[in-house]
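Going line by line, the protein sequences match chains B and W. Here the first sequence stands for residues 102 to 374, where the numbers follow my numbering. Here the second sequence stands for residues 3 to 104, where the numbers follow my numbering. Yeah, the Cβ is synthetic: ideal placement off N, Cα and C, and Gly gets one too.
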Amino acid sequence: MELRIEIAGNKVTCKQDGEKAVSAALADFLGNLWEASDNRPASEPIPETVRFAWRRGEAAVLVAEQKPVCHTVRWLADDSPVPFGRGAKYREARLAFPFVVLVVAFHGGNLTGQQECFYRRAPLEAIGDELLLPNLLNVARAYDQTCWLCLANLNPDMVQMPWDARVRKVWSHLFQAGFNASSEHHEGNSYWQTMRSVDRRVSSVAEWERESARNPFFPLTVEWKPSGKTVAAVMEEMMGRVWPMRAPVSAADLLPFFGPPAKSKPHRGFWWK
Amino acid sequence: MEKTKTATARAVRDEEIRLAPAAPASNQAEGYNPDVRVIYGAGVQSMPLVGMSLAQARDAAIAILGVDHRAPALVNGRPARLDYRVAPGDELEFVHHAGEKG
């Protein structure tokens, strides 16, 4: 299929395989091009904790970061009769965390199954910063993701929520939904199992809890293993899966540029609403 | 027109009164009130809550951090009574445990 755009006088014409497909006034066409490249302010505030955001089409990839803090979590008890699900037994544990970084891809505002959880020992400063492997149950190498975070029990339909609520939901599920061994069962691994040998202080939940009480910032001194991924690389991977870059191949793909003048259409901010 | 404006203004003031945290009850309010750390979900904030009852601190956290009103309050990781007075160095955490992963 051959696409041509011809400009003659005050008119722009798009031809597909030699046939005129669509045309517009040059000023309207240029206005639409300009509008498409303009980054307007968001109509909703940027959600708390979000450090990087990338929107393409109906997809958005967000990177959120939490500062080092202690969380009281529910962790699978050693004597739980089952590894997860009905009948699983939990114990409360107050655990110190380093910087925690979530990278989550949305499509049309809904979860996509693309969500990863990493650690860091320092705050994010650049998109090229490296990410470290966490030591958490329910975070696994799975589905072509290095640190896939299990959100299976979180309703992916978030279309009615404001963005701040979406981000809060994901954080809440991470820290406030019980940690269990479902990933060992479904994905065949979790980083809790593989990272226990990283440091004596996180070799068991009891040790982790003890050390957290002694020094809540000790996770910043643990030699967490590198993931081999940067923030940019993870965002790129996710965006590539959720909304791959595709050059226009037909006149239909170019229709938005031949539509009415941009100023007559409602503007869309980063967060859509 | 005038009546409409008055009604709107009053509604806003009522809402603010309902949400506004009460002042600390201790005499520390007279001078410097050191911050305590408040944790809710991924929200972490230092707030001058020393001397407040836990109930007052909780109202402040609901108004400022958007804490779920159902979330029980923990002080330094332990449950505490709502009349507990927040002390310097305390860490308040509002945990609304919700289901499990999997």
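**Message:** Given this structure, state the Cα-to-Cα distance separating residue 359 (chain B) from residue 157 (chain B), to the nearest angstrom.
**Reply:** Mapped onto the first sequence, residue 359 (chain B) falls at position 258. Mapped onto the first sequence, residue 157 (chain B) falls at position 56. Roughly 20 Å separates the two Cα atoms.
**Request:** For residue 91 (chain W), go through chain B and note every residue whose CB falls closer than 9 Å to its CB, in chain order.
**Result:** The count along the second sequence starts at 1 and reaches residue 91 (chain W) at position 89. The contacting residues do not exist; residue 91 (chain W) stays about 12 Å from chain B at best.
**Item:** Within 8 Å, strictly: CB atoms of residue 293 (chain B) and residue 211 (chain B)
**Value:** For the purposes of this step, residue 293 (chain B) is identified with residue 192 of the first sequence, where counting begins at 1. For the purposes of this step, residue 211 (chain B) is identified with residue 110 of the first sequence, where counting begins at 1. Against a cut-off of 8 Å, the Cβ pair of residue 211 (chain B) and residue 293 (chain B) comes out as no contact.
**Message:** For the structure I just gave you, are there three or more beta carbon pairs, one from the region 168-181 of chain B and one from the region 251-271 of chain B, closer than 8 Å?
**Reply:** no
**Item:** Cross-chain neighbours of residue 167 (chain B) in chain W, by beta carbon under 8 Å
**Value:** To locate residue 167 (chain B), count along the first sequence from 1; it is residue 66. Within chain W, the residues near residue 167 (chain B) are 44 and 46.
**Per DSSP, cross-strand counterpart(s) of residue 81 (chain W)** = What you label residue 81 (chain W) is simply residue 79 of the second sequence in a count that begins at 1. As DSSP reads the structure, residue 81 (chain W) sits in a beta bridge with W:76.
**Message:** At the 8 Å Cβ level, is residue 107 (chain W) part of the contact set with chain B, yes or no?
**Reply:** The structure shown does not extend to residue 107 (chain W), since chain W is modelled only from 3 to 104, so the question has no answer here.
**Request:** Using a Cβ cut-off of 8 Å (strictly closer), state whether residue 77 (chain W) contacts chain B.
**Result:** For the purposes of this step, residue 77 (chain W) is taken as residue 75 along the second sequence, with counting starting at 1. Chain B, which has no Cβ nearer than 8 Å to the Cβ of residue 77 (chain W), makes this no.
**Message:** Which residues in chain W have a C-beta closer than 7 Å to the C-beta of residue 251 (chain B)? List them in chain order.
**Reply:** The residue you call residue 251 (chain B) lines up with position 150 of the first sequence. By Cβ distance, chain W contributes 103 and 104.
**Prompt:** Exposed or buried, which one is residue 54 (chain W) when buried takes at least 16 other CB atoms within 10 Å?
**Reply:** The count along the second sequence starts at 1 and reaches residue 54 (chain W) at position 52. Buried, since its Cβ has 16 or more Cβ neighbours within 10 Å.
**Prompt:** Per DSSP, residue 49 (chain W) is paired with what?
**Reply:** Mapped onto the second sequence, residue 49 (chain W) falls at position 47. The partner list for residue 49 (chain W) (beta bridge, DSSP) reads W:38.
**Message:** I need the DSSP call for residue 357 (chain B), collapsed to helix, strand or coil.
**Reply:** In the first sequence, counting from the first residue as 1, residue 357 (chain B) sits at position 256. Three-state DSSP puts residue 357 (chain B) in a helix.
**Asked** Taking C-beta to C-beta, are residue 52 (chain W) and residue 77 (chain W) nearer than 8 Å?
**Response** Against the second sequence, residue 52 (chain W) aligns to sequence position 50. Against the second sequence, residue 77 (chain W) aligns to sequence position 75. Contact flag unset, no.
**Request:** Measure the alpha-carbon distance for residue 30 (chain W) versus residue 154 (chain B) and round it to whole angstroms.
**Result:** In the second sequence, the residue the question calls residue 30 (chain W) occupies position 28. In the first sequence, the residue the question calls residue 154 (chain B) occupies position 53. Confidence in residue 30 (chain W) is poor, its pLDDT being 45 and thus under 50, which makes the residue's placement unreliable; the coordinate value appears in the next sentence. Rounded to whole angstroms, residue 30 (chain W) to residue 154 (chain B) spans 42 Å at the Cα level.
**Message:** Between the region 223-238 of chain B and the region 322-341 of chain B, can you find at least three pairs of beta-carbon atoms closer than 8 Å?
**Reply:** With the cut-off at 8 Å, the region 322-341 of chain B and the region 223-238 of chain B touch.
**Message:** For residue 279 (chain B), would you say it is in contact with chain W, using Cβ-to-Cβ distances shorter than 8 Å as the test?
**Reply:** Here the question's residue 279 (chain B) lines up with position 178 in the first sequence. Yes, its Cβ sits closer than 8 Å to a Cβ of chain W.
**Request:** Determine, using beta carbons only, whether residue 248 (chain B) comes closer than 8 Å to chain W.
**Result:** Sequence index remark: in the first sequence, residue 248 (chain B) carries index 147 (1-based). Taking Cβ atoms only, chain W never reaches closer than 8 Å to residue 248 (chain B), which makes this a no.
**Message:** Suppose the cutoff is 6 Å on Cβ atoms and the five residues either side in sequence are ignored; what does the same chain contact list for residue 189 (chain B) look like?
**Reply:** To locate residue 189 (chain B), count along the first sequence from 1; it is residue 88. Same-chain partners within the cutoff: 181, 183 and 281.
**Residues sharing a beta bridge with residue 121 (chain B), DSSP** = In the first sequence, residue 121 (chain B) corresponds to position 20, counting from 1. Partner(s): B:116.
**Against chain W: residues of the region 274-308 of chain B by CB proximity under 9 Å** = 274, 275, 276, 277, 278, 279, 280, 281, 282, 283, 284, 286 and 287
**Request:** Could you round the C-beta distance between residue 67 (chain W) and residue 45 (chain W) to whole angstroms and report it? I think they count as a contact, below 8 Å.
**Result:** Looking up residue 67 (chain W) in the second sequence gives position 65. Looking up residue 45 (chain W) in the second sequence gives position 43. Yes, they are in contact, since the Cβ atoms of residue 67 (chain W) and residue 45 (chain W) sit about 5 Å apart, within 8 Å.
**Message:** Measuring only the C-alpha atoms, how far is residue 273 (chain B) from residue 102 (chain W)?
**Reply:** Working through the first sequence from its first residue, we reach residue 273 (chain B) at position 172. Working through the second sequence from its first residue, we reach residue 102 (chain W) at position 100. Looking at the two C-alpha atoms, the distance is approximately 11 Å.
**Item:** Under 7 Å by beta carbon: chain B residues contacting residue 97 (chain W)
**Value:** To locate residue 97 (chain W), count along the second sequence from 1; it is residue 95. Per Cβ cutoff of 7 Å: 173 and 277.
**CB contact check: residue 57 (chain W) to chain B, cutoff 8 Å** = Numbered from 1 along the second sequence, position 55 holds the residue referred to as residue 57 (chain W). Not one chain B Cβ lies under 8 Å of residue 57 (chain W).
**Best match in W:61, W:65 and W:72 for proximity to residue 85 (chain W) [C-alpha to C-alpha]** = On the second sequence, position 83 is the one that residue 85 (chain W) refers to. Nearest C-alpha to residue 85 (chain W): W:61.
**Asked** Grouping DSSP H, G and I as helix and E and B as strand, with all else coil, what is residue 297 (chain B)?
**Response** On the first sequence, position 196 is the one that residue 297 (chain B) refers to. The answer is coil: DSSP assigns residue 297 (chain B) none of H, G, I, E or B.
**Length-filtered (4 minimum) alpha helix (DSSP H) runs lying within the region 208-288 of chain B** = Runs of the alpha helix (DSSP H) inside the region 208-288 of chain B: 264-277 and 283-287.
**Prompt:** When Cβ atoms are compared, which residues of the region 224-239 of chain B fall closer than 8 Å to chain W?
**Reply:** 238 and 239
**Message:** Just to check my reading of the structure: residue 150 (chain B) and residue 165 (chain B) have Cβ atoms closer than 8 Å, yes? What is that Cβ distance to the nearest angstrom?
**Reply:** Locating residue 150 (chain B) in the first sequence gives position 49, counting from the first residue. Locating residue 165 (chain B) in the first sequence gives position 64, counting from the first residue. Indeed, because the Cβ distance is near 4 Å, the residues count as touching under 8 Å.
**Item:** 7 Å Cβ cut-off: residues of chain W touching residue 150 (chain B)
**Value:** What you label residue 150 (chain B) is simply residue 49 of the first sequence in a count that begins at 1. In chain order: 44.
**Request:** Evaluate residue 75 (chain W) with the Cβ neighbour count: other Cβ atoms within 10 Å of its Cβ, from every protein chain shown; 16 or more gives buried, anything less gives exposed.
**Result:** Taking the first residue of the second sequence as 1, we reach residue 75 (chain W) at position 73. So residue 75 (chain W) ends up on the buried side.
**Prompt:** According to DSSP, is residue 327 (chain B) helix, strand or coil?
**Reply:** The count along the first sequence starts at 1 and reaches residue 327 (chain B) at position 226. It is a strand residue.
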